[in-house]
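According to full-length UniProt numbering, the residues represented by the sequence shown are 1 to 198, in order.
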Amino acid sequence: MNIEDSLNQGLLQDYCLGLLTDPEKEMVEGMVKLYPEVKSALLAMQQGLDNYVVEKPIWRKAALRNKIWETLDNINTEEKKDINNLPLINKYSDHKKWLEMVAPMLPATLEEDTFLSPIQANEHVVQLVTKSITGHAEEIHTDMIESFLILEGDCICQIGDNFTQLTAGGFIEIPLFEKHNVKVLSPYIVAIVQRIAV
1 MNIEDSLNQG LLQDYCLGLL TDPEKEMVEG MVKLYPEVKS ALLAMQQGLD NYVVEKPIWR
61 KAALRNKIWE TLDNINTEEK KDINNLPLIN KYSDHKKWLE MVAPMLPATL EEDTFLSPIQ
121 ANEHVVQLVT KSITGHAEEI HTDMIESFLI LEGDCICQIG DNFTQLTAGG FIEIPLFEKH
181 NVKVLSPYIV AIVQRIAV
């Protein structure tokens with residue numbers, strides 16, 4: 001990964017917010033030592049965040065505070081790896097922990113093109129684990145927000161006219177009213193599919 005890509009992908013912002021894994025933190029700290037422009041960008045990012053907090057009393061905004069606590073609670077729930085108490089998937093989800101939780105449910109070989117099994121279902125959210133050699137046919141949702149967390153394999157997700165390639169650890173959320181499909185690029189994929197009612 002080159003320096004510009006690292007800066008453009010929000011790596012420094014996630015570092016400042018404490019959202020990176022230990023290997024990612026070490027990578028950023030190594031880049032800061034090697035590249036003065038990365039150190040300058042990091043210091044500017046930290047100063048900008050400090051200024052923002054002082055200028056905008058974000059902690060007074062209950063919605064943001066609640067969202068932060070929900071995210072932290074979600075991460076803590078995921079750490080427990082309890083299949084009977086699952087968190088929601090999001091861009092911070094650890095695909096390795098999810099794979100460990102659902103591995104006992106997965107077939108060693110597929111008898112059909114796609115294996116699909118519910119792992120959580122209530123009136124607000126449905127989560128499924130899937131193992132597929134073909135992917136997911138085109139569909140559109142008007143009453144639920146669908147997202148995917150890839151646990152194993154590679155695929156390409158088409159949302160409208162846009163294509164996004166996902167590998168293990170990749171997460172994507174599908175906007176309402178958008179046609180979308182998934183095509184498998186590797187021999188198979190394993191993924192968590194989540195649908196949240198709106």
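A virtual CB, placed ideally from N, CA and C, is assigned to each residue, including glycine.
- With a contact defined as Cβ atoms closer than 8 Å, Leu99 and Val190 qualify at about 7 Å.
- Counting every other CB atom within 10 Å of its CB across the protein chains shown gives Met105 a total below 16, marking it as exposed.
- Under the DSSP assignment, Met27 falls in the alpha helix (DSSP H) whose first and last residues are Asp22 to Leu34.
- Judged by DSSP in its simplified three-state form, Thr71 adopts helix.
- Along the length of the region 93-121, whole alpha helix (DSSP H) runs at least 4 residues long occupy 95-102, reported in chain order.
- By the criterion of at least three beta-carbon pairs nearer than 8 Å, the region 117-124 is not in contact with the region 166-174.
- Comparing alpha-carbon positions, the option among Ile196, Asp154 and Gly30 lying closest to Glu173 turns out to be Ile196.
- For Ser93, the closest alpha carbon among the candidates Asp82, Ala108 and Thr71 is that of Thr71.
- Here Ile159 has Ile172, Ile174, Pro175, Glu178, Lys179 and His180 as same chain residues with Cβ atoms under 8 Å from its own Cβ, once five neighbours each way along the sequence are excluded.
- Note on Phe163: under 16 other CB atoms within 10 angstroms of its CB, so exposed under the neighbour-count rule.
- Contact between Thr134 and Thr109 fails: their C-beta atoms lie close to 15 Å from each other, not under 8 Å.
- In this structure Val38 is in contact with Met31, their Cβ atoms being roughly 5 Å apart against a cut-off of 8 Å.
- Per the coordinates, the alpha-carbon of Val184 lies some 11 Å from the alpha-carbon of Glu152.
- One thing to note: Leu149 has its Cβ no nearer than 8 Å to the Cβ of Ile68.
- For Leu176, there is no enclosing beta strand (DSSP E), as DSSP marks it with neither H nor E.
- Within its own chain, the residues whose Cβ lies closer than 6 Å to the Cβ of Leu49, once the five positions on either side in sequence are excluded, are Cys16, listed in chain order.
- Considering only Val129, Val28 and Glu112, the residue with the shortest C-alpha distance to Ile119 is Val129.
- In this structure, the CA atom of Tyr35 is about 26 Å from the CA atom of Tyr52.
- Here the alpha carbons of Pro187 and Leu43 stand approximately 44 Å from one another.
- Relative to the Cα of Ile145, the nearest Cα in the group Glu29, Asn74, Lys80 and Val193 belongs to Val193.
- Taking 8 Å as the upper bound for CB-CB distance, Lys131 and Pro107 are in contact here, some 7 Å apart.
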